[in-house]
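Student: Counting in the numbering used here, the final residue of the sequence shown is number 205, and the numbers go up one at a time with none missing.
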Amino acid sequence: SPSDDCPIHFVSWYVAAEYCNWLSKQEGIAEDQWVYLPNDQSQFADGMKIKKDAHSLAGYRLPTSAEWEYACRAGTRTSYAFGEPIALIDRYAYYVYNAQGRAHPPGGLLPNEFGLFNMHGNVWEWCEDVFRGDAYKYFKKQGIVKNPIYDGSGSDRVYRGGSWSYDAGDVRVANRDWVSPVFADFVLGFRLLMTAD
9 SPSDDCPIHF VSWYVAAEYC NWLSKQEGIA EDQWVYLPND QSQFADGMKI
59 KKDAHSLAGY RLPTSAEWEY ACRAGTRTSY AFGEPIALID RYAYYVYNAQ
109 GRAHPPGGLL PNEFGLFNMH GNVWEWCEDV FRGDAYKYFK KQGIVKNPIY
159 DGSGSDRVYR GGSWSYDAGD VRVANRDWVS PVFADFVLGF RLLMTAD
């Protein structure tokens with residue numbers, strides 16, 4: 009990050025998952041409540057798994073794409089959480105035209121109605137989900153893939169939100185992209201959540 013108060017980035021999906029368990033441990037959350045299981049070599053890499061009851065556990069985890077979108081929308085139905093007037097984007101999102109070529113600390117712009125900062129722009133955020141677009145459906149029909157959300161097969165993972173180096177269309181609520189879970193980039197970070205009781 010450009011400074012210690014900026015969002016972390018250049019983190020793979022696997023490292024983000026490992027961090028979730030590490031943070032759960034640091035906060036004294038019982039190990040049976042941790043969400044991610046390392047692979048047979050005790051690594052957070054290809055072959056690791058997400059517990060089937062992950063969404064009922066108390067440990068930290070990455071949001072599903074649907075949870076991320078719900079948090080970003082904050083009760084709205086428009087392209088952006090702040091509504092449709094694109095002129096407002098500079099008040100809510102760090103994107104290519106106002107970010108000065110870098111990530112920024114949270115709190116510098118306005119939050120959405122849920123009080124969450126930088127849901128639009130700043131850094132892309134990993135989601136738990138495996139990408140399930142047309143290509144996935146084709147390969148599943150051919151019997152080439154199983155259900156990688158739990159079997160840790162290394163399938164592409166979704167990320168959301170856009171970043172400081174993208175334009176306004178890429179920071180829309182509904183926008184998403186996907187890439188291999190080993191990928192790390194200077195515009196890709198993560199946001200954690202915990203399941204509420």
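Every residue, glycine too, gets a C-beta built ideally from N, C-alpha and C.
Everything numeric in this text was worked out from a predicted model, so none of it was measured.
Between the stretch 63-82 and the stretch 127-138, can you find at least three pairs of beta-carbon atoms closer than 8 Å?
Tutor: Result yes; three or more Cβ-Cβ pairs closer than 8 Å.
Student: Which residues in the same chain have their Cβ closer than 6 Å to the Cβ of Arg199, if we skip the five residues on either side of it in sequence?
Tutor: Once the five neighbours on either side are set aside, the close Cβ partners of Arg199 are Glu133.
Student: For Val126 versus Gly67, is the C-beta distance shorter than 8 Å?
Tutor: For clarity, residue 126 is Asn in the given sequence; the question names Val instead. Result no, Cβ atoms of Asn126 and Gly67 do not sit closer than 8 Å.
Student: DSSP has Val23 in a bridge; who is on the other side?
Tutor: DSSP lists no partner for Val23.
Student: Closest by CA to Val187, which one among Val19, Ser11, Ser9 and Asp13?
Tutor: Taking only the C-alpha atoms, the option nearest Val187 is Val19.
Student: Please classify Ser161: does DSSP put it in a helix, a strand, or coil?
Tutor: Low local confidence applies: a pLDDT of 46 at Ser161 is under 50, so the model's placement there is unreliable, and no value is given.
Student: Does the distance from the C-beta atom of Asp13 to that of Pro113 stay below 8 Å?
Tutor: The answer is yes: Cβ separation under 8 Å.
Student: Within the chosen definition, does the stretch 164-178 reach the stretch 32-40 through at least 3 CB pairs nearer than 8 Å?
Tutor: Cβ pair count under 8 Å is below three, so no.
Student: Within 10 angstroms of the Cβ of Pro10, are there 16 or more other Cβ atoms? Answer buried if so, exposed if not.
Tutor: It counts as exposed.
Student: Can you list, in chain order, the residues of its chain whose CB lies under 8 Å from that of Arg99, leaving out five sequence neighbours each side?
Tutor: Excluding residues within five positions, the ones whose Cβ falls inside 8 Å are Phe90, Leu117 and Leu118.
Student: Helix, strand or coil: how does DSSP classify Asp178 here?
Tutor: It is helical.
Student: Nearest-angstrom Cα distance between Lys59 and Arg168?
Tutor: Straight-line Cα distance between these residues: approximately 22 Å.
Student: Taking the C-alpha atoms as reference points, what is the distance between Phe122 and Ala82?
Tutor: Their backbone Cα atoms lie some 6 Å apart in a straight line.
Student: Span of the alpha helix (DSSP H) holding Glu77?
Tutor: Ser73 to Arg81 is the extent of the alpha helix (DSSP H) around Glu77.
Student: Check for me: the alpha helix (DSSP H) holding Asp98 runs from which residue to which?
Tutor: Taken as a continuous stretch (DSSP letters only), the alpha helix (DSSP H) holding Asp98 covers Ile97 to Tyr100.
Student: If you draw a straight line from the C-alpha of Thr51 to the C-alpha of Val190, how long is it?
Tutor: According to the sequence displayed, residue 51 carries Gln and not Thr. Spanning the two alpha carbons is a distance of roughly 13 Å.
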